[in-house]
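**Student:**
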Amino acid sequence: MINAKYIRIIIGIIGNVLSTSIFLSPMPEFIQAYKKKSVEGVKLAPHLVLLIKCSLWVLYGLPLVHKDNILVTTSNGVGFVIQVIYVVVFWINCDEESRKDLVYICLTFEFCFVAAVYIITIWGFESSVKHTFVGVVCNVYNIGIIYLFFTIDKMPEGTKTFKYMPFWLSLVSFINAGIWTAYSLIYTIDIYVLISSGLETFLCAFQLLVYASSYTLGKIDVIV
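Residue numbers (our numbering): 510 to 733.
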């Protein structure tokens, strides 16, 4: 009989693969921006937001915060590197005004915020409190960006297309969230991963239902 711990590891590895595919989905857009030497139409803000998210969850999965959760760190570590690549491509190809407003200011804020969380976690709390502190910070931040992505950027904006809500990306996001929800429940319950991934699973399911109902009623043209 397969040990529950090994099942959890396998599920976590699958989650790493799916998460990486989601992080890589905007890559063609940035490749085109690099080739054209222009970032016109490219939105950097979501990637700056994800940069903080990945930074926080990397810390959460480290052994000094939570044992047996290194797969959370590897998944978000890959995501962090990918977001850094996007930011660098944007930096190289944007105009000076965008570089000042979106990069200098935002990156300075991000660095200060993430550095503060890391410093407080490492030197401000005893080992027994680190997990709770980082878990709460990660979930509060996640709830904020989930609201942002799913109610503003990803939902149809009065058009008859799903330009900001590609079906396959929505489906993979739903599966990925479900995988991490399962990961949080097997072998040992991880309440903080459960809250975050469970909420994302629910919202992804809602997103797919909106997509399906709108397509059935002929209100949208499918863009995948």
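Beta carbons are placed, not taken as given, at the ideal position from N, Cα and C, and that holds for glycine.
1) Assign PHE618 to one of two classes, buried (16 or more other C-beta atoms within 10 Å of its C-beta) or exposed (fewer than that).
2) Counting C-beta neighbours from all protein chains within 10 Å, is the total for ILE520 16 or more, i.e. buried, or is it exposed?
3) Tell me the DSSP secondary structure of LYS576 in three-state form.
4) If I'm right that VAL553 touches PHE599 with Cβ under 8 Å, what's the distance once you round it to whole angstroms?
5) One question on the structure: do VAL581 and VAL681 come within less than 8 Å of each other, judged by their Cβ atoms?
6) Less than 8 Å separating the beta-carbons of ALA513 and ASN602?
7) Would DSSP call GLU549 helix, strand or coil?
8) Let's test the definition: count the other Cβ atoms within 10 Å of the Cβ of ALA721 and tell me whether it reaches 16, buried, or not, exposed.
9) Spell out a yes or no on whether the region 688-700 and the region 615-633 are touching, meaning 3 or more CB-CB pairs, one atom from each, closer than 8 Å.
10) Quick check: what's the CA-CA separation for SER636 versus CYS615?
11) Please state whether DSSP places PHE642 in a helix, a strand or coil.
12) Around the Cβ of TRP677, are there at least 16 other Cβ atoms within 10 angstroms (buried) or fewer (exposed)?
13) Using DSSP with H/G/I as helix, E/B as strand and the rest coil, what is GLU635?
14) Tell whether a beta-carbon distance below 8 Å holds between VAL646 and LEU560.
15) Between VAL567 and GLY550, is the Cβ-Cβ spacing less than 8 Å?
16) Does the region 529-546 touch the region 693-700, meaning 3 or more C-beta pairs lie closer than 8 Å?
17) Let me know if ASP699 comes out buried or exposed under the rule of 16 or more other beta-carbons within 10 Å of its beta-carbon.
18) PHE620: which of GLU605, PHE642 and VAL593 sits nearest, CA to CA?
19) In terms of residues, what are the limits of the alpha helix (DSSP H) holding TYR569?
20) Residue range of the alpha helix (DSSP H) that TYR627 falls in?
21) Along the chain, where does the alpha helix (DSSP H) containing LEU678 start, and where does it finish?
22) Measuring straight from C-alpha to C-alpha, what distance separates SER706 and SER723?
23) Of the residues LYS639, GLU538 and CYS563, which one's Cα is nearest the Cα of THR529?
**Tutor:** The relevant details are as follows:
1) Its Cβ having fewer than 16 others within 10 Å, PHE618 is exposed.
2) Burial is judged here by how many other beta carbons sit within 10 angstroms of a residue's own beta carbon; ILE520 has at least 16 and is buried.
3) In the structure shown, LYS576 adopts coil according to DSSP, grouped into three states.
4) The sequence given here has Leu at residue 553, not Val. By a beta-carbon distance limit of 8 Å, LEU553 contacts PHE599. Their separation comes to about 5 Å.
5) The answer is no: Cβ separation not under 8 Å.
6) With a cutoff of 8 Å on beta-carbon distance, ALA513 and ASN602 are scored as not near each other.
7) In this structure, GLU549 counts as coil in the three-state DSSP scheme.
8) The residue in question, ALA721, is exposed, as its Cβ has fewer than 16 Cβ neighbours within 10 Å.
9) Contact check between the region 688-700 and the region 615-633: fewer than three CB pairs, one atom from each, fall below 8 Å, which does not count as touching.
10) Computed Cα separation, rounded: 31 Å.
11) Helix.
12) Result: exposed.
13) Coil at GLU635, not helix or strand.
14) No, Cβ-Cβ distance for VAL646 and LEU560 is not below 8 Å.
15) No, the pair does not count as a contact, with Cβ atoms beyond the cut-off.
16) The region 693-700 vs the region 529-546: no contact.
17) Taking all protein chains in view, the Cβ of ASP699 is crowded by 16 or more other Cβ atoms within 10 Å, so the residue is classified as buried.
18) When only C-alpha atoms are compared, the closest one is VAL593.
19) 554-570 is the span of the alpha helix (DSSP H), which, as asked, contains TYR569.
20) 614-628 is the span of the alpha helix (DSSP H), which, as asked, contains TYR627.
21) Note, LEU678: alpha helix (DSSP H), 676-694.
22) The C-alpha of SER723 is placed about 25 Å away from the C-alpha of SER706.
23) Comparing Cα-Cα distances from THR529 to each of LYS639, GLU538 and CYS563, the minimum goes to CYS563.
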